[in-house]
Amino acid sequence: MRRILSGASGGRVAVGHVTQMSLLAPSRFGEITTRLANAGVAVTILPDRSSSDGPQPDLVRLDANNPTGAIATLAQPLRGIKRGRTSFTRPRPELHRPATSWSSNSH
Numbered sequence: 007m008r009r010i011l012s013g014a015s016g017g018r019v020a021v022g023h024v025t026q027m028s029l030l031a032p033s034r035f036g037e038i039t040t041r042l043a044n045a046g047v048a049v050t051i052l053p054d055r056s057s058s059d060g061p062q063p064d065l066v067r068l069d070a071n072n073p074t075g076a077i078a079t080l081a082q083p084l085r086g087i088k089r090g091r092t093s094f095t096r097p098r099p100e101l102h103r104p105a106t107s108w109s110s111n112s113h
């Protein structure tokens with residue numbers, strides 16, 4: 007967001023599916039949308055999932071340290087719970103060391 011607000015992106019940013027923002031207090035929602043508009047960020051309305059796509063989770067665990075981070079980083083869902091049962095899990099990415107050591111001459 008800081009890079010976008012600095013103008014470094016040159017108006018080439020579009021955001022879609024920010025439905026988490028609907029959970030914000032109206033004053034905070036207004037503040038964020040004003041900042042997005044002033045930065046030239048286009049917000050695209052995407053269709054929500056329909057009930058025919060499967061059960062909607064009652065609780066979703068996001069890969070974030072706090073609520074602000076969840077919104078600021080567009081945190082990915084790690085687990086969904088519906089009616090007390092896990093309905094999906096998504097593991098965090100895992101980085102692996104290269105098989106050979108890196109050197110200044112390698113490509």
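Counting from 7, one number per residue, gives the positions in the sequence shown under the working numbering. All residues carry an ideal CB built from backbone N, CA and C; glycine is no exception. Remember, predicted model here, so these are calculated numbers, not experimental data.
Taking its Cβ as the centre, do 16 or more other Cβ atoms sit within 10 Å of residue i, making it buried, or is it exposed?
| i | result |
| --- | --- |
| LEU42 | buried |
Rounded to the nearest angstrom, what separates residue i and residue j at their Cα positions?
| i | j | result |
| --- | --- | --- |
| GLY90 | ASP64 | 8 Å |
| PHE35 | ILE77 | 11 Å |
| ALA45 | VAL66 | 30 Å |
Which residue comes first and which comes last in the beta strand (DSSP E) that contains residue i?
| i | result |
| --- | --- |
| ARG91 | 91 to 95 |
| PRO83 | 83 to 88 |
With DSSP collapsed to three states, give me the class of residue i.
| i | result |
| --- | --- |
| LEU126 | What the structure shows of the chain is the stretch from 7 to 113, and residue 126 is not part of that stretch, so it cannot be assessed. |
| ALA70 | coil |
| LEU30 | coil |
| ALA48 | strand |
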